[in-house]
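When we follow full-length UniProt numbering, the leftmost residue of the sequence shown carries the number 1, and every step to the right adds one.
All C-beta atoms in this analysis are idealised placements derived from N, C-alpha and C, irrespective of residue type, glycine included.
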Amino acid sequence: MIVAHRGLHCNSLENSLEAFQEAESHNLPVELDVHLTRDGEVVVFHDDDLTRLANLKVKISSLTLEEIRKINVRGFHIPTLREVISLHIPYFLIEIKHSYKVYPGIEEKVLDIASSVRNFQVISFDFDSLKRIREISNAETGMIFVGKVKWFLPIAEELEVNWIHPSHTLLFEEDVKSKGKFKLGTWTVDDPEEFLRVKRLGVDSVTSNVPLKVKENEGKG
Numbered sequence: 001m002i003v004a005h006r007g008l009h010c011n012s013l014e015n016s017l018e019a020f021q022e023a024e025s026h027n028l029p030v031e032l033d034v035h036l037t038r039d040g041e042v043v044v045f046h047d048d049d050l051t052r053l054a055n056l057k058v059k060i061s062s063l064t065l066e067e068i069r070k071i072n073v074r075g076f077h078i079p080t081l082r083e084v085i086s087l088h089i090p091y092f093l094i095e096i097k098h099s100y101k102v103y104p105g106i107e108e109k110v111l112d113i114a115s116s117v118r119n120f121q122v123i124s125f126d127f128d129s130l131k132r133i134r135e136i137s138n139a140e141t142g143m144i145f146v147g148k149v150k151w152f153l154p155i156a157e158e159l160e161v162n163w164i165h166p167s168h169t170l171l172f173e174e175d176v177k178s179k180g181k182f183k184l185g186t187w188t189v190d191d192p193e194e195f196l197r198v199k200r201l202g203v204d205s206v207t208s209n210v211p212l213k214v215k216e217n218e219g220k221g
């Protein structure tokens, strides 16, 4: 499975509705990032604040959805998770950026919205969020981390995740052999030769900023 990282944004903005619509047109799975607004709405955006993309030193969590709707982000707007989930996309990887300790109730809100589709996985670097998801749901979950697979397997077992997602830069044959019962995804692979390398290792999913480019090599190797 090749996953479009923050949508297919060659001609649009990462995590914009247009980027996900473009991924939809190519029948690509997508990865996206979610935060909570001040009034508790789940929106799709990578950063905690708007500095990088809108030159505004303001946090997503300090704004209401109505306020966010008015912000022009390089010609695009920040969508809600509900808007993105409504698209006909084959599979969603929904990354919760911060757990309930920062965003009270975010796990429940994400699950409620995503329940309209079956084809999703909740992923996070935040282990508290993954633990909370498992406490309240049997939804597919994935643990993202930077490090050797063997270091994180005990945590993955404890969190009862379905997937592990190590960085491709630290993924080698011994890691694949040691993954046990877990499905294995990796990120973020933009080089076609590196894609072939991890594909030969036998990973189950590869997340890329240029999914169409690496997809050209899918039948090779």
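Give the straight-line distance between the Cα atoms of R197 and I136, rounded to the nearest whole angstrom. 37 Å
What are the start and end residues of each continuous alpha helix (DSSP H) run of 4 or more residues lying completely inside the stretch 122–200, in chain order? 127–136, 149–159 and 173–177
Endpoints, beta strand (DSSP E) assigned at F92: F92 to I96
Could you tell me which residues DSSP puts in a beta bridge with S208? DSSP, once it has assigned bridges, lists A4 as partnering S208.
Between the C-alpha atoms of G185 and K179, what's the straight-line distance to the nearest angstrom? Approximately 11 Å, taken between the alpha carbons.
Quick check on D48: does DSSP put it in helix, strand or coil? coil
Cβ-based burial, E14 [other Cβ within 10 Å; buried from 16]: buried
Excluding the 5 residues preceding and the 5 following E41 in the sequence, name in chain order all residues of the same chain whose CB lies nearer than 7 Å to its CB. L65 and T80
Say whether the stretch 126–140 touches the stretch 106–118, bearing in mind that this needs 3 or more beta-carbon pairs closer than 8 Å, one atom from each stretch. yes
Please tell me whether D33 and K97 are closer than 8 Å, where the distance is taken between their beta carbons. Pairing D33 with K97 gives a Cβ-Cβ distance under 8 Å.
Output the distance between the C-alpha atoms of N11 and R74, rounded to the nearest integer angstrom. 12 Å
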